[in-house]
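This report concerns only the one structure given below.
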Amino acid sequence: MLLFTANVHAHPQDEDIILDIEEGQLKLQSSVIDSEYQAALKRKRQRKLASMSWQQKFSLYVKAGFEHIIPKGLDHILFILGLFFSSLVLASLLWQVTAFTLAHSITLGVASLGIVAVPAHIVEPLIALSIVWIAVENCIFKQASKWRSLVVFGFGLLHGLGFAAVLSEYGLPKNDLIPSLLAFNIGVELGQISIILAAFVLTYFIQKKVWYRRWVQIPVSIFIAAVGVFWFIERTVL
Amino acid sequence: MKIINTQFKTSLLALSVVAGLGACSKQADTEQNQSSTPSSVQSEQSSAATEVSNPFFTPYKTDFEIPPFSRIKDEHYMPAFVKGMDEHLAEIDAIVKNPEPATFANTVEELERTGKLLVKVQRVFFNLAGSNTNPQLQELQRELSPLLSAHYDKVSLNEDLFKRIETVYQVRDTLSLTAEQTKFLEDTRKGFVRSGALLTEEQKAEITKVNSQLSELTTEYGQNLLAETNGFELILDKADLAGLSDGIIQAAANSAKQKMDGAESEEDKAKYKDKYVFTPHRSSMYPFLTESSRRDLREKLYNAYIYRGDNNNENDNKIVAAKIAQLRAQRAKIMGYETHAHFVLEERMVKTPEGVYDLLMQLWNPALNRAKQEVADMQAVVDAEGHDFTIAAWDWWQYAEKVRKAKYDLDEASLKPYLSLDNVLKGVFDTSNKLWGLTFTELHDIDVYHPDARVWEVKDKDGSHLGVFIGDYFTRSNKRGGAWMSSFKGQSNLDKVERPVVVNVCNFPGPVGDAPALLSFENVTTLFHEFGHALHGLLTNTTYQSMSGTSGPRDFTEFPAQIMEHWASEPEILKTFATHYETGEAIPDALIAKLLKASKFNQGFSNTEYLAASLLDMDWHTLTADDELQDTAKFEKASMEKIGLIGEISPRYRSTYFSHIFAGGYASGYYSYVHSAVLDSDGFAAFKETGNVFDPELAQKLRTHIYEKGSTEEAMTLYKKFRGREPQIEALLKVRGLDGSTD
Numbered sequence: 053m054l055l056f057t058a059n060v061h062a063h064p065q066d067e068d069i070i071l072d073i074e075e076g077q078l079k080l081q082s083s084v085i086d087s088e089y090q091a092a093l094k095r096k097r098q099r100k101l102a103s104m105s106w107q108q109k110f111s112l113y114v115k116a117g118f119e120h121i122i123p124k125g126l127d128h129i130l131f132i133l134g135l136f137f138s139s140l141v142l143a144s145l146l147w148q149v150t151a152f153t154l155a156h157s158i159t160l161g162v163a164s165l166g167i168v169a170v171p172a173h174i175v176e177p178l179i180a181l182s183i184v185w186i187a188v189e190n191c192i193f194k195q196a197s198k199w200r201s202l203v204v205f206g207f208g209l210l211h212g213l214g215f216a217a218v219l220s221e222y223g224l225p226k227n228d229l230i231p232s233l234l235a236f237n238i239g240v241e242l243g244q245i246s247i248i249l250a251a252f253v254l255t256y257f258i259q260k261k262v263w264y265r266r267w268v269q270i271p272v273s274i275f276i277a278a279v280g281v282f283w284f285i286e287r288t289v290l
Numbered sequence: 010m011k012i013i014n015t016q017f018k019t020s021l022l023a024l025s026v027v028a029g030l031g032a033c034s035k036q037a038d039t040e041q042n043q044s045s046t047p048s049s050v051q052s053e054q055s056s057a058a059t060e061v062s063n064p065f066f067t068p069y070k071t072d073f074e075i076p077p078f079s080r081i082k083d084e085h086y087m088p089a090f091v092k093g094m095d096e097h098l099a100e101i102d103a104i105v106k107n108p109e110p111a112t113f114a115n116t117v118e119e120l121e122r123t124g125k126l127l128v129k130v131q132r133v134f135f136n137l138a139g140s141n142t143n144p145q146l147q148e149l150q151r152e153l154s155p156l157l158s159a160h161y162d163k164v165s166l167n168e169d170l171f172k173r174i175e176t177v178y179q180v181r182d183t184l185s186l187t188a189e190q191t192k193f194l195e196d197t198r199k200g201f202v203r204s205g206a207l208l209t210e211e212q213k214a215e216i217t218k219v220n221s222q223l224s225e226l227t228t229e230y231g232q233n234l235l236a237e238t239n240g241f242e243l244i245l246d247k248a249d250l251a252g253l254s255d256g257i258i259q260a261a262a263n264s265a266k267q268k269m270d271g272a273e274s275e276e277d278k279a280k281y282k283d284k285y286v287f288t289p290h291r292s293s294m295y296p297f298l299t300e301s302s303r304r305d306l307r308e309k310l311y312n313a314y315i316y317r318g319d320n321n322n323e324n325d326n327k328i329v330a331a332k333i334a335q336l337r338a339q340r341a342k343i344m345g346y347e348t349h350a351h352f353v354l355e356e357r358m359v360k361t362p363e364g365v366y367d368l369l370m371q372l373w374n375p376a377l378n379r380a381k382q383e384v385a386d387m388q389a390v391v392d393a394e395g396h397d398f399t400i401a402a403w404d405w406w407q408y409a410e411k412v413r414k415a416k417y418d419l420d421e422a423s424l425k426p427y428l429s430l431d432n433v434l435k436g437v438f439d440t441s442n443k444l445w446g447l448t449f450t451e452l453h454d455i456d457v458y459h460p461d462a463r464v465w466e467v468k469d470k471d472g473s474h475l476g477v478f479i480g481d482y483f484t485r486s487n488k489r490g491g492a493w494m495s496s497f498k499g500q501s502n503l504d505k506v507e508r509p510v511v512v513n514v515c516n517f518p519g520p521v522g523d524a525p526a527l528l529s530f531e532n533v534t535t536l537f538h539e540f541g542h543a544l545h546g547l548l549t550n551t552t553y554q555s556m557s558g559t560s561g562p563r564d565f566t567e568f569p570a571q572i573m574e575h576w577a578s579e580p581e582i583l584k585t586f587a588t589h590y591e592t593g594e595a596i597p598d599a600l601i602a603k604l605l606k607a608s609k610f611n612q613g614f615s616n617t618e619y620l621a622a623s624l625l626d627m628d629w630h631t632l633t634a635d636d637e638l639q640d641t642a643k644f645e646k647a648s649m650e651k652i653g654l655i656g657e658i659s660p661r662y663r664s665t666y667f668s669h670i671f672a673g674g675y676a677s678g679y680y681s682y683v684h685s686a687v688l689d690s691d692g693f694a695a696f697k698e699t700g701n702v703f704d705p706e707l708a709q710k711l712r713t714h715i716y717e718k719g720s721t722e723e724a725m726t727l728y729k730k731f732r733g734r735e736p737q738i739e740a741l742l743k744v745r746g747l748d749g750s751t752d
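Top line first, the protein sequences correspond to chains P and R. As numbered in my numbering, residues 53 to 290 make up the first sequence, in order. As numbered in my numbering, residues 10 to 752 make up the second sequence, in order.
So this is what it looks like as structure tokens:
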């Protein structure tokens with residue numbers, strides 16, 4: 053079949069030479085091709101989103117929010133663990149988590165809606181520092197200080213900006229923006245709660261031991277602080 | 010740019026300004042860098058592993074048999090081509106060696122079943138080499154070109170195969186074949202005959218010799234022209250930029266910077282430092298000619314363009330062109346034809362050179378008269394500006410633009426918000442829905458070759474599956490310029506019902522910022538045009554794939570595409586899809602009126618330059634074998650004087666840079682677009698005559714006789730079945746404003 057020419061084009065391939073002459077040859081540059089590809093990928097997601105019902109979008113964004121904690125959000129996981137290892141008093145932990153959640157919901161919202169914009173090269177190192185701060189505090193104070201919730205609230209604002217950055221890379225649908233934002237946030241909360249639950253289950257039998265603080269709480273906090281310092285350096289210097 | 014491409018657009022290498030600017034603002038010479046498009050990420054595999062996992066070697070097993078793009082790696086192509094060619098030859102050998110006497114079924118129909126693997130890989134490869142290429146694919150293209158042409162020669166020059174076909178052909182009247190089968194048999198045989206099957210051994214040897222000389226000369230012609238085009242640059246200082254807009258200046262600065270980065274020596278680098286570079290590529294030249302107020306520089310760049318291949322240097326094409334024409338005439342004589350044009354046109358809808366000349370000359374005077382009026386209009390502007398010069402060829406773009414602004418006052422920017430890509434797609438889908446009840450469902454989860462390529466399932470009125478339509482609309486740096494239609498899977502009813510996978514590739518500017526992608530009206534007609542080709546590929550319903558879709562003669566196959574453009578500019582339809590992307594408000598009537606009026610703008614120029622080139626093409630290819638080798642400069646001069654071309658216009662392509670006919674496949678075929686335009690204007694007039702542009706009865710005829718039939722009947726027969734009579738030229742003259750009605 054198709055014996056004499058490959059009859060698959062309405063405008064055949066022999067036009068290639070004509071195009072090269074009249075228009076210039078293609079200049080292939082991998083960085084340009086890559087960034088075009090990424091932009092196209094985002095458009096593709098937007099188109100897919102636009103075609104979904106709000107329920108579909110809602111579950112998609114819950115999932116996305118969750119994934120941005122587990123497994124993608126290692127820095128947020130460490131921050132949450134930092135909170136967990138600050139106190140054995142449930143009420144104190146709850147206050148901190150609530151403050152954190154409230155704060156990052158606020159900044160995630162306002163940043164996603166385009167009301168504020170803070171560049172990533174400022175936010176990202178600060179997030180790393182917030183992890184260090186929390187972990188160091190854990191080592192210094194046996195019980196979380198009274199104003200700790202306030203500090204955590206401030207850090208939450210930062211982390212919200214970080215969530216907003218990943219979310220904007222992921223893309224938000226133009227329709228149903230608020231429900232999707234809410235869904236993403238719910239996903240993030242579910243991720244956080246899972247972390248705390250897991251940590252609680254793992255440490256359940258050793259929490260009351262006398263050596264808990266010395267051999268668990270402090271070493272883990274030191275480790276978290278060390279990772280935070282490393283990230284800070286990585287995000288500023290490297 | 011706009012000036013040049015108002016009507017012949019895509020097919021004549023439409024170059025949108027934006028796409029063009031993109032092309033000249035890209036960094037030079039990075040061909041050796043490997044592209045890193047995620048879809049073509051290389052995986053290191055041993056050849057044994059490739060053999061096992063090569064997606065071409067097994068059925069696709071995907072939805073609608075769309076190629077599994079993400080599984081196809083660059084290293085899969087060559088083995089698939091090699092195996093495909095081997096299999097093809099083996100299958101043909103089996104037909105030839107069949108001990109049974111030749112029958113329609115065991116020879117002609119069986120031949121249709123051969124080469125499936127080759128075609129399968131060919132479709133994917135050549136599509137992606139055009140729309141999503143990388144250095145590996147470009148290299149493969151160079152390697153494959155001689156291999157494939159040698160392969161297809163082996164098939165078309167297979168004497169034993171031809172003997173069996175001829176045996177069947179001789180008894181065709183006794184076989185009670187269907188009309189489609191008869192045409193298939195005739196076309197198949199004719200393909201062999203036109204490759205020289207009926208010639209003596211001596212003649213065949215001569216043809217082979219001529220063909221190889223021609224192939225060398227056409228390559229040389231193209232190389233010379235490439236060197237000439239790339240060899241000229243207008244390097245300007247900041248002081249030379251008068252009149253140019255910011256975007257154009259920026260592009261020229263980028264192009265200088267790239268040249269500087271690419272330069273080897275310090276001396277070369279210094280040449281481009283803080284300069285602005287313009288080249289004779291259309292994307293660079295037309296904006297300059299339109300905007301620059303430096304008449305001397307316009308002249309310089311314009312002349313650089315029109316003297317390409319005519320500079321009496323080592324890249325001169327004058328003798329090459331004359332030799333090509335002479336060899337073609339000689340080949341035609343051996344084949345038993347008077348001239349090359351006779352040989353080519355036998356296969357076209359307009360059967361003879363006389364027919365082509367007749368058509369072109371009917372349009373010539375109306376176009377030329379209109380062009381002379383346009384010159385007068387421009388001269389009036391020159392005079393009014395207080396200048397003391399006569400309009401010359403290099404002034405045309407600039408003053409035509411001034412006339413356009415004064416007369417038509419159409420601001421493209423005010424139009425664009427009504428023409429978002431999504432709205433225009435809705436418009437074209439709605440049009441085919443109103444005509445034939447087709448529906449389009451976008452599929453978001455298909456594995457496709459680039460995230461900008463969108464996929465729709467196309468269903469018929471009764472809900473049955475018709476095919477898959479892929480639309481790849483935005484320009485990108487690894488996509489060839491222009492716009493085209495192609496397919497990833499053909500249509501056939503031979504052994505089972507196979508429905509096609511069709512693609513449209515365009516070069517529209519992508520979205521900027523938060524706004525959706527907004528098109529120019531020229532983009533809109535391009536979209537409708539290519540969609541017309543796509544419908545030809547989607548609605549087709551023939552037994553044999555070789556005869557399906559767009560397989561017909563070139564002066565006919567533009568018709569189903571071009572007729573779609575008419576619906577794009579119907580006010581009634583425009584109002585339904587052209588709604589403002591922010592406010593949702595429909596396009597105002599006043600804007601439509603301006604738009605339609607502006608469509609007649611500069612038609613004198615674009616028709617005259619196109620017709621002059623078409624006539625030049627015909628003159629070259631109606632030389633006989635006995636004519637002596639022509640002096641190209643004299644020949645062209647005489648050819649243009651004969652028709653009275655005015656000095657303010659050059660033929661769209663002059664003999665030394667007419668790559669379509671001397672390097673490409675358009676010899677004595679450049680007229681095709683205007684022939685198809687006669688058909689589309691006349692054809693659409695039929696709808697207008699009914700008073701309903703969606704007239705159901707006529708729409709059905711258009712579908713049955715044009716879009717479904719492929720090349721299963723003579724093109725003129727098909728047209729007459731649709732229209733009820735032969736085509737007439739009047740509608741075209743009216744559409745283009747060449748009937749004296751344009752003020």
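Using N, Cα and C, we set each Cβ at its ideal position, and we do this for glycine too.
Inter-residue CB distance, residue i and residue j (contact presumed, cutoff 8 Å)
i: Arg287 of chain P; j: Glu176 of chain P; result: 5 Å
i: Thr633 of chain R; j: Ala350 of chain R; result: At roughly 10 Å, the Cβ-Cβ gap does not stay under 8 Å, so Thr633 of chain R and Ala350 of chain R are not in contact.
i: Leu528 of chain R; j: Leu419 of chain R; result: Their Cβ separation, rounded to whole angstroms, is 15 Å, which puts Leu528 of chain R and Leu419 of chain R out of contact at 8 Å.
i: Val286 of chain R; j: Ala261 of chain R; result: 6 Å
i: Leu466 of chain R; j: Leu452 of chain R; result: Correcting the residue type first, residue 466 of chain R is Glu in the shown sequence and not Leu. Rounded, the Cβ-Cβ distance is 6 Å, consistent with contact.
i: Ala217 of chain P; j: Ala155 of chain P; result: Contact doesn't hold; Cβ gap of about 16 Å is too wide.
i: Arg508 of chain R; j: Leu544 of chain R; result: That belief does not hold up - the Cβ atoms of Arg508 of chain R and Leu544 of chain R are roughly 14 Å apart, past 8 Å.
i: Val511 of chain R; j: Phe537 of chain R; result: Not confirmed; about 15 Å, so no contact.
i: Lys192 of chain R; j: Thr721 of chain R; result: 6 Å
i: Gly117 of chain P; j: Val240 of chain P; result: 4 Å
i: Ile400 of chain R; j: Val412 of chain R; result: Contact flag wrong, Cβ pair sits at about 11 Å.
i: Asn785 of chain R; j: Asp481 of chain R; result: Only positions 10 to 752 of chain R appear in the structure, and residue 785 of chain R is not among them; the question remains open.
Status (buried if at least 16 other CB within 10 Å, exposed otherwise) for residue i
i: Pro705 of chain R; result: exposed
i: His396 of chain R; result: exposed
i: Tyr178 of chain R; result: buried
i: His237 of chain R; result: In the sequence under discussion, the amino acid at residue 237 of chain R is Glu, which differs from the His named in the question. Buried: at least 16 other Cβ atoms inside 10 Å.
i: Ser34 of chain R; result: Only weak support exists for where Ser34 of chain R lies, its pLDDT of 29 falling under 50; the value from the coordinates is given anyway. Ser34 of chain R comes out buried.
i: Met649 of chain R; result: buried
i: Asp461 of chain R; result: buried
DSSP bridge partner residues for residue i (one or two, in chain order)
i: Phe449 of chain R; result: R:Val467
i: Ala768 of chain R; result: Nothing about residue 768 of chain R can be reported from this structure: the residues present for chain R run from 10 to 752 only.
i: Met494 of chain R; result: R:Asn513
i: Ala462 of chain R; result: R:Asp481
i: Gly476 of chain R; result: R:Val467
i: Phe287 of chain R; result: R:Leu243
Contacts of residue i in chain A (Cβ-Cβ under 9 Å)
i: Ala672 of chain R; result: Annotation note: the requested chain A is absent from the structure, which comprises protein chains P and R.
query = Residues in the segment 476-506 of chain R with C-beta within 7 Å of chain P's C-beta atoms, listed in sequence order?
reply = Listed by position, the residues of the segment 476-506 of chain R near chain P (Cβ gap below 7 Å) are Arg485, Ser486, Asn487, Arg489, Gly490, Gly491, Trp493, Met494, Ser495, Ser496.
message = Suppose only complete runs of 4+ residues qualify. What are the alpha helix (DSSP H) ranges in the segment 300-334 of chain R, listed by chain order?
response = As far as the segment 300-334 of chain R is concerned, its whole alpha helix (DSSP H) runs of at least 4 residues are 304-315.
ask   = If you scan the segment 330-392 of chain R from start to end, which runs of the alpha helix (DSSP H) of 4 or more residues do you find wholly inside it?
value = List check, alpha helix (DSSP H) in window: 349-354.
ask   = Closer than 9 Å, Cβ to any Cβ of chain R: which residues of the segment 154-179 of chain P, in chain order?
value = Result list empty, no residue passes.
task = Pull out every residue of the segment 179-201 of chain P whose Cβ sits closer than 9 Å to any Cβ of chain R, in chain order.
result = Within the segment 179-201 of chain P, not one residue has a Cβ closer than 9 Å to any Cβ of chain R.
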